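Under full-length UniProt numbering, the letters of the sequence shown match residues 1 to 345, in that order.
This report refers to the structure that appears directly beneath it.
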Amino acid sequence: MTNISIINYKVKKGDTLESVARQTGVSVEVLKRYHNTYCSLDELIGYDLENVHRILIPPPEKIRELRENNSIVSKQEMRPSRYLFKNFYAENYEVSEHFEKPGTKDLIISYNVSMNVHEAKDQGFIIKTESSGFKKNHEVPDDKISMLSISCMKALYPVAFTVAGQGFISGFYDYKEMIKTFRKKLQDPENFFIGEISQAYITQFRNYLDNEKLLLEKFRSAMLYQFLFPTMEWFHKNKPWEEKLYIVQNSFPVNCLMEAEYHDESDDYIQTILRGNTKDNCSLQELLMGRRFKQSPEEFVSGEIICEYQTDKKTRQLLKAIIRIVLKNKGKVFSTYKLILHRKN
Numbered sequence: 001m002t003n004i005s006i007i008n009y010k011v012k013k014g015d016t017l018e019s020v021a022r023q024t025g026v027s028v029e030v031l032k033r034y035h036n037t038y039c040s041l042d043e044l045i046g047y048d049l050e051n052v053h054r055i056l057i058p059p060p061e062k063i064r065e066l067r068e069n070n071s072i073v074s075k076q077e078m079r080p081s082r083y084l085f086k087n088f089y090a091e092n093y094e095v096s097e098h099f100e101k102p103g104t105k106d107l108i109i110s111y112n113v114s115m116n117v118h119e120a121k122d123q124g125f126i127i128k129t130e131s132s133g134f135k136k137n138h139e140v141p142d143d144k145i146s147m148l149s150i151s152c153m154k155a156l157y158p159v160a161f162t163v164a165g166q167g168f169i170s171g172f173y174d175y176k177e178m179i180k181t182f183r184k185k186l187q188d189p190e191n192f193f194i195g196e197i198s199q200a201y202i203t204q205f206r207n208y209l210d211n212e213k214l215l216l217e218k219f220r221s222a223m224l225y226q227f228l229f230p231t232m233e234w235f236h237k238n239k240p241w242e243e244k245l246y247i248v249q250n251s252f253p254v255n256c257l258m259e260a261e262y263h264d265e266s267d268d269y270i271q272t273i274l275r276g277n278t279k280d281n282c283s284l285q286e287l288l289m290g291r292r293f294k295q296s297p298e299e300f301v302s303g304e305i306i307c308e309y310q311t312d313k314k315t316r317q318l319l320k321a322i323i324r325i326v327l328k329n330k331g332k333v334f335s336t337y338k339l340i341l342h343r344k345n
């Protein structure tokens, strides 16, 4: 600390708060706060060093403490806010969902997701999402059921959600208008896809739409929407906690014990990693069927969850997410699911 006394620093011509802070090794705000805490009222530092003749400098041991505290605060400030903000989402993402099961051929579904975010008074945010460009194992699907499913979803898009300030989906925005528009657009696939199986699929799709609560749970249980709309508090957890998560789509949520860790080694992004294991006692059959049985199961299924989020250090925008869920039954891997989402340039 050249030219700096442990207790007092005499301000010289050309000195600025920035230059003195640089010499002490702490931030401007930390230096100013320390000085103003211990100086007399007529020596308070404002925006600059005008009329300031001396600065109280922390002793070496205090500087080490302040540096550590300042580093912790800086890292926390680089994480996303505890409340959702408009620019958390990019306009477009590329998504791939990987389904692996021993003894069967792996399946990869890939598509694009667009995000349109608006702040809503007293409602948090209105976020419209739309998926497009579906591929199955890197090929445009040409089987009838896949084409029918895509056509029905296209008729429903864009789907508008109300998203709470804390980050999770709280409901649909203008559900009645969304369903009204869908019913008009559904006429095309109804006329194009004929046959008993196609009509049964469309009828089931319509039934979901008639039940707002059921339809909302279908979206919430989808891995994309569950992890695309994380609870913002996830980015700030310092102790283990319990979280209800869907580990099988179209099933019921289960209690999971989660832990979080944060890494800032990259110059560009903060990495938030969530690791968890299921706590609820339920069977594989219950999860696959989406309902609890009256009789307690003899064998419990276990689930391991790893969620990795990358958020921009400067803008705090969501850049990438990798979700991995492994289901084990009787000690053996039953299935592995992986979702990869990254910002589209």
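We put the beta carbon where it would ideally sit given N, CA and C, even for glycine.
Computed from a predicted structure; not experimentally measured.
| Asked | Found |
| --- | --- |
| Along the beta strand (DSSP E) that carries Arg54, what are the first and last residues, could you check? | Arg54 to Leu56 |
| Taking contact to mean 3 or more Cβ pairs, one atom from each stretch, closer than 8 Å, check whether the stretch 130-150 and the stretch 160-171 are in contact. | no |
| Quick check on the DSSP output: what are the complete beta strand (DSSP E) runs of length 3 or more inside the stretch 212-287, in order along the chain? | 241-245, 254-263 and 269-278 |
| Taking Leu284 as the reference, give the member of Glu308, Lys320, Asn8 and Lys328 with the closest Cα. | Lys328 |
| How about Ala160 and Tyr173: are their beta carbons less than 8 Å apart? | yes |
| Identify which residue in Lys128, Pro230 and Arg220 has its Cα closest to the Cα of Met115. | Lys128 |
| Report the rounded CA-to-CA distance for Asp48 versus Ile273, giving the unit in angstroms. | 41 Å |
| Rounded to a whole number of angstroms, what is the C-alpha to C-alpha distance between Met1 and Gly14? | Because the pLDDT of Met1 is 40, which lies under 50, any placement of that residue in the model is unreliable, and the number read from its coordinates should be weighed accordingly. Rounded to whole angstroms, Met1 to Gly14 spans 17 Å at the Cα level. |
| Just the C-alpha distance for Tyr337 and Ser170, rounded to the nearest angstrom, thanks. | 25 Å |
| Give the range of the alpha helix (DSSP H) segment to which Tyr89 is assigned. | Unbroken run through Tyr89: none, as it is neither H nor E. |
| Are the beta-carbon atoms of Arg54 and Tyr9 separated by less than 8 Å? | yes |
| Just the C-alpha distance for Val95 and Phe227, rounded to the nearest angstrom, thanks. | 12 Å |
| Note down, in chain order, each residue of its chain lying with its Cβ closer than 7 Å to the Cβ of Leu80, except the 5 sequence neighbours on either side. | Looking at the sequence provided, one finds Pro at residue 80 rather than Leu. Same-chain partners within the cutoff: Phe88, Met232, Phe235, Thr311 and Arg316. |
| In terms of residues, what are the limits of the beta strand (DSSP E) holding Cys307? | Ser302 to Asp312 |
| On a CA-only basis, which of Ile108, Ser302 and Phe125 is nearest Lys86? Give me that one, please. | Phe125 |
| Applying the criterion that 16 or more other CB atoms from any shown protein chain within 10 Å of the CB defines a buried residue, is Thr24 buried or exposed? | buried |
| Which residues in the same chain have their Cβ closer than 7 Å to the Cβ of Tyr208, if we skip the five residues on either side of it in sequence? | Leu214, Leu215 and Lys218 |
| What number of angstroms, rounded off, separates the C-alpha of Ile340 from the C-alpha of Met147? | 23 Å |
| Excluding the 5 residues flanking Pro240 on each side, which residues of the same chain have their C-beta closer than 7 Å to its C-beta? | Leu257, Met258 and Glu259 |
| What's the call for Gly303, buried or exposed, on a 16-neighbour Cβ count within 10 Å? | buried |
| Determine the closest residue to Pro177 out of Tyr157, Gly331 and Glu265, with distance taken between C-alpha atoms. | The sequence shown places Glu at residue 177, rather than the Pro named in the question. Among Tyr157, Gly331 and Glu265, the Cα nearest to that of Glu177 is on Tyr157. |
| Any chance you could list the beta strand (DSSP E) runs of at least 3 consecutive residues sitting entirely within the stretch 106-143, in chain order? | 107-120 and 124-136 |
| Tell me which residues share the same chain as Ser221 and place their Cβ nearer than 7 Å to its Cβ, disregarding the 5 neighbours each side in the sequence. | Tyr246, Gln249, Asn250 and Ser251 |
| Rounded to the nearest angstrom, what separates Cys307 and Asp267 at their Cα positions? | 21 Å |
| Check Phe182 in the structure and name its three-state DSSP category. | helix |
| Roughly how many whole angstroms lie between the Cα atoms of Lys32 and Glu43? | 11 Å |
| From Val26, Ile325, Arg183 and Leu17, pick the residue whose C-alpha is nearest to that of Asn51; which is it? | Leu17 |
| Drop a sphere of 10 angstroms on the beta-carbon of Thr37, count the other beta-carbons inside from all chains shown, and report buried for 16 or more, exposed for fewer. | exposed |
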